[in-house]
Structures are given as structure tokens and as C-alpha cells.
Amino acid sequence: MKTTLTEASLSGVREALRQANAGLERAYPGDSTQRQPVHVVYGGAHLFRAETARKLGGIALNTLKEYAPDAPVLAHGLGLPQRGRFAQRVYARVVAKLEREPVEDLRIDFEDGYGHRSDAEEDGHAVSAAEELARGLALELLPPFIGVRVKSFTEELFDRATRTLDLFLTTLLERTGGKLPPGFVVTLPKVSLPEQVAALARVLEVLETRHGLSTGAVGIELMVETPQSLFDQQGRLHLPTLVAASAGRCTSVHLGIYDYTAALGVSAHAQTMLHPTCDFLRDLAQVSLAGTGIRLADGATNVMPVPPHKAKPDEPLLPTERRENLEAIHRVWQLSYRHIRHSLERGWYQGWDLHPAQLPVRYAAVYAFFLEGLDAASRRLRAFMEKAAQATLVGDVFDDAATGQGLLNFFLRGLSCGALTEDEVLAAGLTLEELRSRSFRDIVASRRGRAAAG
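Numbering (UniProt numbering), first residue to last: 1 to 454.
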């Protein structure tokens, strides 16, 4: 057949397109295959101890046993489905999680959870918190993810924030012989300018160099709490620019719902996780960072599950007081459950927790979400793997890896947080080796290699 285009005439176009496609792939590598925690607990730095995560777990478990001693009570309190043994499965896994790994991610907080104290006080707490972190690392008491939140890099607070960070990291690295906890991050709150992020990246680079760490050893986590985080002065999307200013250090972006809504003029009594402005914030953050590998975390329910009546020594609570305590805890748990479910259904798999009594409902909501979707996700992944195998056998290119990775991530998330068992995940048609690869592309490539060898 007669054609007009030749290889020579297309060479310039082809090379320009190749470079553009390669650039797009570098900028949007897809969702991270690394584990993402389902929550982050923020606690004041002055309160942090090596045993903090274990202590929080004990309080959470005792709270669950007191206010939801069995599955039917928890199901009634949260509105969980009670068909079959669904509530029992959720309850048993929540208990096991609180016993085994009650806190997945913890932030040692020198900002809102710490407040403004004298310089001498903050200096002392920066050193003592670092010493406790070093002790926790040595005794293997730390949660799988941990970090520190400093104050914002405004003109007023920059000197204080960098001094705290310097004291903290210098003390930590001296006590550990230059070792950091795995995945350690520094959280920068109220980010509004790329220069603030770049400044933190440069400060960390100096500290890493002085302490013999590799460049980029300390990750950066950005907190979106201001409207200026979303758009720059020219009205352009700002989040990609803020992330880029981290020089590759940014691993995640967390939302600060209440500072954000306050900045928009929302009255305090109307500030809630379900406010329409918060959904706009979530959508914009997702659109801005989808496919970049940056992990996203939603905000927190700011109503704490605290009983109104407390027992005194040798003076037990009256039956009416116990009932009022139960009703109060369940009301707040129901509110948290609605908030967490709302986030999960919108694709936000991590959120904040501020009190140990929030942990039971965090895991109950997450586990119910994954267990409800298990059967459908298993059918979809099995069918997807069959299509991939057929394409491999006939030599076709199977290029819908993003959908496959999305399905795989459902199982990886559910397994890592304790919502799903290994047997439930493997029943979707994967092998244990394939699951550990955490990459759908690798799974397809491995099956293609086996098919070719056979």
C-alpha cells in the first residue's frame, strides 16, 4: 500500500513525543506501592514517651471493652451490618489490632498539640522527646511510621521551628549513632509558599550532611491548612508546586480541616469534616496529586469520646451515670464513624486521630469498609488476572496496569492494616510471591515470563 509518511519524516516528531511521554511517566508514576497507614495520631511533644504507642493501645482496648464489650454492642453503637457474622469478624479484628499494633503512625507535635511555650521549655522538650524516641527505637517500641511536626515557617516562627528541629534531630542522631526510625518524616504545617518547603528541604540537607546521612534520608510531609496552599496568586494550582519544592522529599500531604474552614470564615459551630468546603479541598488535592505517588491523609473528628461522668475512689458510678457515659461515647463514635466512612468512600484511606478512645472506631470503620468490598474486589481481580493471562498467552499487550494496580492496592491496604487476612487476599487469585511484589506490572511481567518459558 502507498503511504506518505516515512521514518525520516517522523523522526523529529517521534523523538519529541518520546521525551514528552517519558516526562509524563516520571511525573505521574502512579500510586505508591509502599504501605500507607490508615491513621496518624498527633500528640504533644511534652507528653511523648518511648512507650506512648503501647500506652495508647492499652487505653483504646480498655475503652472498647468498657463501652462495647462484644460485637453486638459495637454493631448497635456504630450501625454496623449484623448479617451473618459480619459484626463478629469486624470486632475480633479490631481487638487483635489493638493488642498487636494499636498505633500505625505517630506524630510528635510541637505545633497545635503543643502550644506556645517559653524557648527554654521547648528546647528542653525537643531534647527529651528525641531521647525518648531513641529509647523507643532501641527497645522496638515504636509504631511502624513516626515523625515530628514543627511550627510553621512563617517569619514569626521560622527561628523557633528550625531550632526545635535542630535540637531534636541532633539529639536523636547522637543517641542512636546516626540511625533514624524507618520512614521518619518532618511535618511542615500551614504551608502557603514553595519557598517555605524549599527552606525545610535545605535545612534537612544541612543536617543530613553534618550527621553523615544520605541526602533525602529525612522525608517531608506537608499540611494543607490554608486556601493559599491550593492556588497561587495568579490562580494556578499550587499543590504540585509546593510538592516539587521539596526536591523529591515529600511523601505525603495531610489536610488540616479546621484551620482551613476557619480561614474561609466558617463559624466554629459549623466546622465539621462533612462541610461542603472540605469536600472541595479533598477533590482539589486528589486532582492535583493523583498519580504522583504522594499519599493523602484526611483530617480528624475534633469531638473527643470522653465520658461525662468519672468514678471517684470508693464511689462507683450510679446506673444512670453509666448509661449516660455509654450513650455519650456511642454518640461520638457514631460521628467519627460517619466521618471516616465519608473519607474512605471518597478515596481517602488515612486520617487523623487525636485521642486513644478514637482508635476502636477508626479500625472498626476501616475494617467494615474493606470487608464489605472484599467479595466484589476478589471477583474483579480474578477476572482481571485472567484477562492479563490471556493477553500474555496470545502475545497481546495488556496495558491497563493502572486498574490492576488499583485492585491490588485494595488488598495490600486491607492486609497491611489487619482488615483482611492473608487467606482472603490469596483467594483473589494471587500467589504470596506476587502479593509481596506489590506491583501489578511485575505480576504481569512474571506471568508473561512463565508463559513464554512454558
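Glycine included, each C-beta is placed from N, C-alpha and C at the ideal position.
So, helix, strand or coil for Phe48, using DSSP? It is coil, neither helix nor strand.
Is there a Cβ from chain C that is less than 9 Å from the Cβ of Thr187? Judged by its chain identifiers, the structure shown contains no chain C, having just a single protein chain.
Beta carbon of Gly113, beta carbon of Gln334: below 9 Å? No. Outside cutoff.
Through-space distance from Gly248 to Asn302, alpha-carbon basis: In a straight line, the C-alpha of Asn302 is about 32 Å away from that of Gly248.
Within the same chain, show all residues whose beta-carbon is closer than 8 Å to that of Thr171, passing over the 5 residues directly before and after it, in chain order. Ala126, Val127, Ala130, Glu131, Ala134, listed in sequence order.
Report buried or exposed for His269, applying the criterion of at least 16 other Cβ atoms within 10 angstroms of its Cβ. Within a 10 Å sphere around the beta-carbon of His269 sit fewer than 16 other beta-carbons, which makes this residue exposed.
By alpha-carbon positions, which one of Gly216, Ser152, Glu208, Gly183 ends up nearest to Glu195? Nearest of Gly216, Ser152, Glu208, Gly183 to Glu195, Cα basis: Ser152.
Helix, strand or coil: which one does DSSP assign to Val13? The three-state reading of DSSP puts Val13 in helix, counting H, G and I together.
Same chain, Cβ closer than 8 Å to Gln405, five either side skipped, listed in chain order: Correct list, in chain order: Gly30, Asp31, Thr33, Ser439, Phe440, Arg441.
Unbroken alpha helix (DSSP H) runs of length 4 or more, entirely within the stretch 197-253: which are they? 239-244, all fully within the stretch 197-253.
Length-filtered (4 minimum) alpha helix (DSSP H) runs lying within the stretch 143-207: The qualifying runs are 158-176.
Would you kindly work out how many angstroms separate the C-alpha atoms of Ser437 and Thr63, rounded to a whole number? Rounded to the nearest angstrom, the two C-alpha atoms are 38 Å apart.
Output needed for Pro308: all residues of its chain with C-beta closer than 7 Å, excluding positions within five of it in sequence on either side, in chain order. Only Glu324, Asn325, Ala328 meet the Cβ criterion.
Throw me the rounded Cβ distance for the Phe410 and Gly373 pair, which I believe falls under 8 Å. Yes, they are in contact, since the Cβ atoms of Phe410 and Gly373 sit about 7 Å apart, within 8 Å.
Check the C-beta distance from Pro102 over to Leu74 and give it rounded, since I have them as a contact under 8 Å. Between Leu74 and Pro102 the Cβ distance is about 16 Å, and since that is not below 8 Å, they are no contact.
Which of the three DSSP states is assigned to Gly23 in this structure? In the structure shown, Gly23 falls within a helical segment according to DSSP collapsed to helix, strand and coil.
Would you kindly work out how many angstroms separate the C-alpha atoms of Val94 and Leu47, rounded to a whole number? Counting only the Cα atoms, Leu47 lies some 26 Å from Val94.
Helix, strand or coil: how does DSSP classify Val287 here? Under the three-state reduction of DSSP output, Val287 falls in the helix class.
State the DSSP-derived secondary structure class of Arg441, mapped to helix, strand or coil. Correct three-state label for Arg441: helix.
Is it buried or exposed, Val218, if we count other Cβ atoms within 10 angstroms and call 16 or more buried? Buried.
Length of the line joining the Cα atoms of Leu10 and Gly291: It is roughly 30 Å from the alpha-carbon of Leu10 to the alpha-carbon of Gly291.
Using the Cα positions of Leu237 and Leu222, report the straight-line distance between them to the nearest angstrom. Cα to Cα, Leu237 sits roughly 16 Å from Leu222.
Three-state secondary structure assigned by DSSP to Ala376: Residue state, collapsed to three classes: helix.
Local conformation of Ile294 per DSSP, three classes: Of the three classes helix, strand and coil, the one that applies to Ile294 here is coil, per DSSP.
Would you mind sorting Gln82 into buried or exposed? The rule is 16 or more other CB atoms within 10 Å of its CB. Here Gln82 is exposed, its C-beta having fewer than 16 other C-beta atoms within 10 Å.
Supposed contact pair Gly256 and Val224 - C-beta distance, whole angstroms, cut 8 Å: 7 Å between Cβ atoms; contact.
On the three-state DSSP scale, how would you describe His355? Three-state result, His355: coil.
So, at 6 Å on beta carbons, what are the nonlocal neighbours of Met385 in its own chain, with the 5 sequence-adjacent residues on each side left out? Cβ-Cβ distances below 6 Å link Met385 to Gly429 in the same chain, with the five nearest sequence neighbours on each side left out; the list follows chain order.
I need the straight-line Cα distance from Tyr42 to Leu106, nearest angstrom please. Taking the straight line joining both Cα atoms gives about 6 Å.
Sorted by chain position, which residues of the same chain lie with C-beta nearer than 7 Å to Arg346's C-beta, five sequence neighbours on each side aside? For Arg346, where only same-chain residues beyond five positions count, the Cβ hits under 7 Å are Arg282.
Arg117 to Gly44 span [Cα, whole Å]: For Arg117 and Gly44, the distance between alpha carbons rounds to 12 Å.
Could you give the distance in angstroms between the alpha-carbon of Glu121 and the alpha-carbon of His355? Near 24 Å, if we compare the C-alpha coordinates of His355 and Glu121.
CB Thr164 to CB His254, shorter than 9 Å? Not closer than 9 Å, so no.
Whole angstroms is fine: what's the gap from Leu284's alpha carbon to Asp314's? Each residue's Cα considered, the two are about 55 Å apart.
Give the DSSP-derived three-state secondary structure of Tyr337 in the structure shown. In the structure shown, Tyr337 sits in a helix (DSSP, three-state: H, G or I).
Reference Pro227, options Ser246, Tyr258, Met273, Leu420, closest by Cα: It is Tyr258.
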